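Undergrad: After the structure tokens below, expect a handful of questions from me.
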Amino acid sequence: MLMARTRKEEKQLQLLAERLIDARERAGFETLEDAAKVVKIPAHTIRSYERGRFVPSALKIAQLASGYDMSADYLLGLTAKRKKAPKG
12 MLMARTRKEE KQLQLLAERL IDARERAGFE TLEDAAKVVK IPAHTIRSYE RGRFVPSALK
72 IAQLASGYDM SADYLLGLTA KRKKAPKG
């Protein structure tokens, strides 16, 4: 049985959806199919995340963040900083 989302969860999901679109566009992908090849997630799945219909798992968020060269914290709305911190 699916539980109804709270208003806060809906807002968080909407922010994630908006940031996924922003990250994909900033990464320079012209189509969802182009992005899908790099992040190794089917285009229809990415589309569902971007529309807020499905919630990506932690593994999928990590794949998206890596492929888009964005921090997972940014995608999740935990920070306004887009880029990952440099290593080292």
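Under the working numbering, residues 12 to 99 are what the sequence shown spells out, in order.
Glycine included, every Cβ here is placed at the ideal spot set by N, Cα and C.
These numbers come from a predicted model, not from an experiment.
(1) Per DSSP, what kind of secondary structure is Thr42 in: helix, strand or coil?
(2) Within 8 Å, do at least three Cβ pairs link the segment 40-58 to the segment 14-27?
(3) To the nearest angstrom, how far is the alpha carbon of Glu44 from that of Lys22?
(4) With distance defined between alpha-carbon atoms, name the residue in Phe40, Pro53 and Ser68 nearest to Phe24.
(5) Could you tell me if Glu41 is buried or exposed, where buried requires 16 or more neighbouring beta carbons within 10 angstroms of its beta carbon?
(6) My parser needs the alpha helix (DSSP H) runs of 4 or more residues fully inside the segment 15-95; what are they?
TA: By the coordinates alone:
(1) coil
(2) no
(3) 27 Å
(4) In the sequence as displayed, the identity of residue 24 is Leu instead of Phe. Checked all of Phe40, Pro53 and Ser68; the closest Cα to Leu24 is Ser68.
(5) exposed
(6) 18-37, 43-50, 54-61, 69-79 and 83-86
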